[in-house]
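S.K.:
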Amino acid sequence: MEAIRLQKVLEKDGEISISGLPYRKGQQLELILLAKPTPSIIRPNLTARQLINSELIGIWKERKEIIDSTTYARRIRNEAQNRME
Numbered sequence: 059m060e061a062i063r064l065q066k067v068l069e070k071d072g073e074i075s076i077s078g079l080p081y082r083k084g085q086q087l088e089l090i091l092l093a094k095p096t097p098s099i100i101r102p103n104l105t106a107r108q109l110i111n112s113e114l115i116g117i118w119k120e121r122k123e124i125i126d127s128t129t130y131a132r133r134i135r136n137e138a139q140n141r142m143e
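Position one of the sequence shown corresponds to residue 59 (this note's numbering), numbered consecutively onward.
Rendered as C-alpha cells:
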C-alpha cells in the first residue's frame, strides 16, 4: 500500500481539505489522521551568573516552616516520587 504524508493546519474546527492527490474517482482510500503534539516551550539553560541573579535563589528564605532547606527539598522530592508509584 502506497503512503502519502501530508501535514496540514486546520483552518476551521473539524474540517480539513485535501486536493491534488494522485488517485482516481471511485478508488477506495483509507485515511488515518494523527494530531501532532503541541510543542513545549524550550527554555535556554542559565549560566551560573544568570542563575544567581535570577529570582530562584532565595525563593524559600521567607518561609517559616522551612528550617533546613536541604531536608525540606529531600522530603518533598521523596513525597513526589512516592506519588508516582
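Built from N, CA and C at the ideal position, the CB exists for glycine as well.
Computed from a prediction, not measured in an experiment: that's the story for all the values here.
1. Measure from the alpha carbon of Leu104 to the alpha carbon of each residue in Asn140, Tyr130 and Leu114, then state which is nearest.
2. Distance, Cα to Cα, Val67 vs Gln85?
3. If we call anything under 7 Å between Cβ atoms a contact, is Trp118 one with Ile110?
M.R.: Inspection of the coordinates gives the following:
1. Out of Asn140, Tyr130 and Leu114, Leu114 has the C-alpha closest to the C-alpha of Leu104.
2. Val67 and Gln85: Cα-Cα distance of roughly 26 Å.
3. With a cutoff of 7 Å on beta-carbon distance, Trp118 and Ile110 are scored as not near each other.
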